[in-house]
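Chains A and B, in that order, are what the protein sequence lines are.
If you're matching positions, the first sequence starts at 5 in this note's numbering and goes up one per residue.
If you're matching positions, the second sequence starts at -3 in this note's numbering and goes up one per residue.
Every residue gets a Cβ at the ideal spot worked out from N, C-alpha and C, and that includes glycine.
A short write-up of the structure that comes next.
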Amino acid sequence: MNMLAVDGLTLNRGSRRVLDDISAVFTPGRVTALLGPNGAGKSTLLACLAGLLSPDKGQVLVGGQPRQSLAMRDLARQIGLLPQGGDVHWDVDAATLVALGRYPHRAGWGETPEDRAVVARAMAATDVTRFAARPMTALSGGERARVLLARVLAGEPQWLLADEPLANLDPAHQLETLACLRDVARAGAGVIVVLHDLNHAVQVADQVLLLRDGRTVAQGACSEVMTPQRIAETFGVASQFGTTPGGVPFIVTLPMVRRG
Amino acid sequence: MTRASLVFAALLAVLFPLSLLAGRVWIAPADFGPGNTLLILAELRLPRAVLAVVIGAGLGAGGAAMQGYLRNPLADPGLFGVSSGAALGAVISLYFGYAAAPWLLPVFALAGAAITMALLALLVGRSGSIIVFTLAGVILSSVAVSMTSLAISLAPTPFATSQIVTWLMGALTDRSWDDVRLALPLMALGCLLLAFTGRSLDVLTLGESAARSMGVDPRRLQLLIVIGVALCVGASVATAGIIGFVGLIVPHLVRPFVGNRPSAVLLPSALAGALLLLLADSLVRAMPTVSELRLGIAMSMLGGPFFLLLLLRMRRRLA
Chain A
5 MNMLAVDGLT
15 LNRGSRRVLD
25 DISAVFTPGR
35 VTALLGPNGA
45 GKSTLLACLA
55 GLLSPDKGQV
65 LVGGQPRQSL
75 AMRDLARQIG
85 LLPQGGDVHW
95 DVDAATLVAL
105 GRYPHRAGWG
115 ETPEDRAVVA
125 RAMAATDVTR
135 FAARPMTALS
145 GGERARVLLA
155 RVLAGEPQWL
165 LADEPLANLD
175 PAHQLETLAC
185 LRDVARAGAG
195 VIVVLHDLNH
205 AVQVADQVLL
215 LRDGRTVAQG
225 ACSEVMTPQR
235 IAETFGVASQ
245 FGTTPGGVPF
255 IVTLPMVRRG
Chain B
-3 MTRASLVFAA
7 LLAVLFPLSL
17 LAGRVWIAPA
27 DFGPGNTLLI
37 LAELRLPRAV
47 LAVVIGAGLG
57 AGGAAMQGYL
67 RNPLADPGLF
77 GVSSGAALGA
87 VISLYFGYAA
97 APWLLPVFAL
107 AGAAITMALL
117 ALLVGRSGSI
127 IVFTLAGVIL
137 SSVAVSMTSL
147 AISLAPTPFA
157 TSQIVTWLMG
167 ALTDRSWDDV
177 RLALPLMALG
187 CLLLAFTGRS
197 LDVLTLGESA
207 ARSMGVDPRR
217 LQLLIVIGVA
227 LCVGASVATA
237 GIIGFVGLIV
247 PHLVRPFVGN
257 RPSAVLLPSA
267 LAGALLLLLA
277 DSLVRAMPTV
287 SELRLGIAMS
297 MLGGPFFLLL
307 LLRMRRRLA
């Protein structure tokens, strides 16, 4: 049973409770969006799932086993993390950077033909093959972001955790990246993504986990969770829902109107 | 092995025997034969050249590993205080006049390096954090340097003062096979440990979070780096005093040929470091100065202009 779940996850930072008793089950083949206002605990939850932070209470379950009972290498093979910001500290070329994603799978010193094939596939999936030989500093922000996503895909993770992957991207590349996340989910992996734009969420997510002040406000199928009522309660804004003639849902957020 | 490594290794193989000919007394290959020439070669120049290669390789690899680990091209293997700690150990032995027995100074220096390393591990704790690591290194380094200055100013005799100051400047003059026997195994072990860090250093290019999510154990990596670099630097300070800039310069010389990936820089840096120190030491030996120019000073004199070049190149790129 391949599941990723959190059970009663609680985490304190100093005296502040950043996550408060979060329980959720994530499903393979689905895109789950983590939504909530700033400071809701979305990135912290993602960091716990990736094993970067250890919770004070509760646990992360991978395939039904507690995370800490599994070997680091196995976890690294199963769970790929695309961190926010996307640091690249040495100016290497794009192909070299994507190949770093094979780290959890490598055994010997060299690259196997399989490594090379997977790297080529990952680069094709995010449409960066033509940048292969270019140094990272010569790429635009959007191109860099796609190369970094290809790096995670090169690890062939069963779970892809992405922390605000759309920041700094222009609209066209935002849509491309969303489509890419969808493809990853369609190929069978579970995608858990922190998003800020509610429109992106309703376009891409199957499931939504709505957080506020470290607590779960609601979770479930996107269409059920995302209601004007819940958005008002979570974000403090009014909202209008609609659908384009082509059938794509959208949300317009508006200032709250005080009654009376 | 990459092409660059092969070229460096080939250069080393050619220049090593040639370097033996250079010195106060030039030896033509035709003069080889029993007597003084053989004695000079076997007991003076050969151990000295071997030591230059060993120390250069250790400092080069140590520099490449430190720059990769700290993700900072200006990092130096001496940065985390092991070099100053080893120097302090050596200076203490000179201060008390223990250096009369030739094996005491290196032992003190190695003890200094080991104590600094232990303190560093204690200060950093189990966090594996790079910022804490750098700060702890800077603290230890400045404490060791100030203690060294204290020893110089309080030295019992002017002779001891001058002995300390001269020793600190680093040189390979009059080194024997004993020094090689001391440095070689430590350096080999240090380089071996550093070789194991290559892959993890590559992944660290993506930042600490990404590296950890990919299965890099930050504590294990830090331990390997600390012990590996400490062995390399400790052994080099114990046998030759402080020779700066090698670890800092060499990775920069190598990167244009092999790219910026940290693991690709490691082996070529070791080879290029060996080459650089072998050449520099032959040069100071052959120079017609009254007393031989100290190798440590020669390297610092190279270091300044080198960084000027680096700065000019960076400015051009930014413009």
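Per-residue contacts from residue i into chain B (C-beta, under 7 Å)
i, result
"W163(A)", "Correct list: empty, because the minimum Cβ distance to chain B is about 11 Å."
"A54(A)", "S209"
"A158(A)", "In chain order: nothing, as chain B lies at least about 11 Å away."
"L23(A)", "Going along chain B, no residue has its Cβ under 7 Å from L23(A), so there is no contact; the nearest lies around 17 Å."
CB-CB length for residue i against residue j, believed under 8 Å
i, j, result
"P87(A)", "M210(B)", "Contact doesn't hold; Cβ gap of about 11 Å is too wide."
"V35(A)", "V195(A)", "4 Å"
"V233(B)", "A107(B)", "Between A107(B) and V233(B) the Cβ distance is about 12 Å, and since that is not below 8 Å, they are no contact."
"L13(A)", "S205(B)", "Wrong, their Cβ atoms sit about 18 Å apart, outside the cutoff."
"A149(A)", "A37(A)", "Going by Cβ atoms, the distance from A149(A) to A37(A) rounds to 18 Å, so no, they are not a contact pair."
"G133(B)", "L116(B)", "6 Å"
"A158(A)", "G105(A)", "3 Å"
"L178(B)", "P102(B)", "6 Å"
"G56(B)", "V242(B)", "6 Å"
"A53(B)", "A266(B)", "4 Å"
"V151(A)", "L101(A)", "6 Å"
"I83(A)", "L49(A)", "Not a contact, Cβ separation roughly 13 Å."
"S243(A)", "P259(A)", "S243(A) to P259(A), Cβ: 11 Å. No contact."
"P41(A)", "R216(A)", "6 Å"
"A105(B)", "G230(B)", "7 Å"
"A61(B)", "I221(B)", "6 Å"
Closest residue to residue i among the options (Cα-Cα distance)
i, options, result
"P214(B)", "I127(B), L298(B) and L227(B)", "I127(B)"
"Q211(A)", "G62(A), L104(A), A28(A) and G90(A)", "A28(A)"
"A184(B)", "L8(B), I111(B), V242(B) and I223(B)", "I223(B)"
"A171(A)", "R21(A), H200(A), V188(A) and E180(A)", "H200(A)"
"T317(B)", "L263(B), S287(B), A294(B) and S296(B)", "Because chain B is modelled from -3 through 315, residue 317(B) falls outside the range shown and cannot be assessed."
"A236(A)", "V261(A), D25(A) and F254(A)", "V261(A)"
"T220(A)", "A209(A), T238(A), E228(A) and V208(A)", "T238(A)"
"F76(B)", "S287(B), V46(B) and L131(B)", "L131(B)"
"I88(B)", "M143(B), V261(B), A6(B) and G203(B)", "M143(B)"
"I245(B)", "A147(B), N68(B) and V46(B)", "N68(B)"
"T193(B)", "L202(B), L40(B) and V225(B)", "V225(B)"
"V198(A)", "G43(A), D11(A), G18(A) and R20(A)", "G43(A)"
"R190(A)", "S73(A), D167(A) and W163(A)", "W163(A)"
"L190(B)", "R208(B), L146(B), T153(B) and P258(B)", "P258(B)"
"A99(A)", "P169(A), E180(A), G33(A) and R125(A)", "R125(A)"
"L90(B)", "R311(B), S137(B) and T157(B)", "T157(B)"
Start and end residues, beta strand (DSSP E) containing residue i
i, result
"W163(A)", "W163 to D167"
"D265(A)", "Lying before the first or after the last residue shown, residue 265(A) is absent from chain A, which here runs from 5 to 264."
"A222(A)", "R219 to A225"
"T247(A)", "A242 to T247"
"L164(B)", "Not the beta strand (DSSP E): L164(B) falls in the alpha helix (DSSP H), residues P154 to L164."
"A239(B)", "Before going on, a small fix: residue 239(B) reads as Ile here, not Ala. Element bounds for I239(B): n/a, residue is neither H nor E."
"N42(A)", "Neither: N42(A) is in no beta strand (DSSP E) and is coded neither H nor E."
"D175(B)", "Unbroken run through D175(B) is the alpha helix (DSSP H), W173 to A191; no beta strand (DSSP E)."
Any non-hydrogen atom of the ligand HEM within 6 Å of residue i CB
i, result
"A107(B)", "The ligand content of the structure shown is nil, which means the ligand HEM is not present either."
Chain A residues whose Cβ lies nearer than 9 Å to that of residue i
i, result
"S125(B)", "Going along chain A, no residue has its Cβ under 9 Å from S125(B), so there is no contact; the nearest lies around 13 Å."
"G341(B)", "Nothing about residue 341(B) can be read from this structure; chain B reaches only from -3 to 315."
"R67(B)", "D91, H93 and W94"
Per-residue contacts from residue i into chain A (C-beta, under 7 Å)
i, result
"A206(B)", "L85 and P87"
"T33(B)", "Simply none; closest approach about 44 Å."
"V199(B)", "L104 and Y107"
Cross-chain neighbours of residue i in chain B, by beta carbon under 8 Å
i, result
"A171(A)", "Simply none; closest approach about 15 Å."
"T100(A)", "G255 and R257"
"R4(A)", "Outside the modelled stretch of chain A, which goes from 5 to 264, sits residue 4(A), for which no answer is possible."
"L8(A)", "Here the premise fails: no neighbours, minimum Cβ distance about 14 Å."
"L39(A)", "By Cβ distance, chain B contributes nothing, its closest Cβ being about 21 Å from L39(A), past 8 Å."
"A80(A)", "S209, M210 and G211"
For residue i, the first and last residue of its enclosing alpha helix (DSSP H)
i, result
"P214(B)", "P214 to A236"
"A236(A)", "P232 to F239"
"S149(B)", "I126 to S149"
"T112(B)", "L100 to V120"
"T181(A)", "P175 to R190"
"L42(B)", "L42 to L66"
"N203(A)", "L202 to V208"
Partners in chain A for residue i, counting only beta-carbon separations shorter than 8 Å
i, result
"P258(B)", "W94"
"R195(B)", "Y107 and R110"
Residues that residue i contacts on chain B, provided the C-beta gap is smaller than 9 Å
i, result
"A137(A)", "Correct list: empty, because the minimum Cβ distance to chain B is about 11 Å."
Checklist entry - Using 8 Å as the Cβ pair cut-off and three pairs as the minimum, do the region 58 to 76 of chain A and the region 217 to 227 of chain A touch? => result no
Checklist entry - With a cut-off of 8 Å, do at least 3 Cβ pairs link the region 285 to 296 of chain B to the region 158 to 167 of chain B? => result In short, these stretches touch, since the Cβ pair count reaches three.
Checklist entry - Should the region 13 to 27 of chain B be called in touch with the region 270 to 288 of chain B, which here means at least 3 C-beta pairs below 8 Å? => result yes
Checklist entry - Touch check for the region 172 to 189 of chain A and the region 115 to 124 of chain A: three-plus C-beta pairs under 8 Å? => result no
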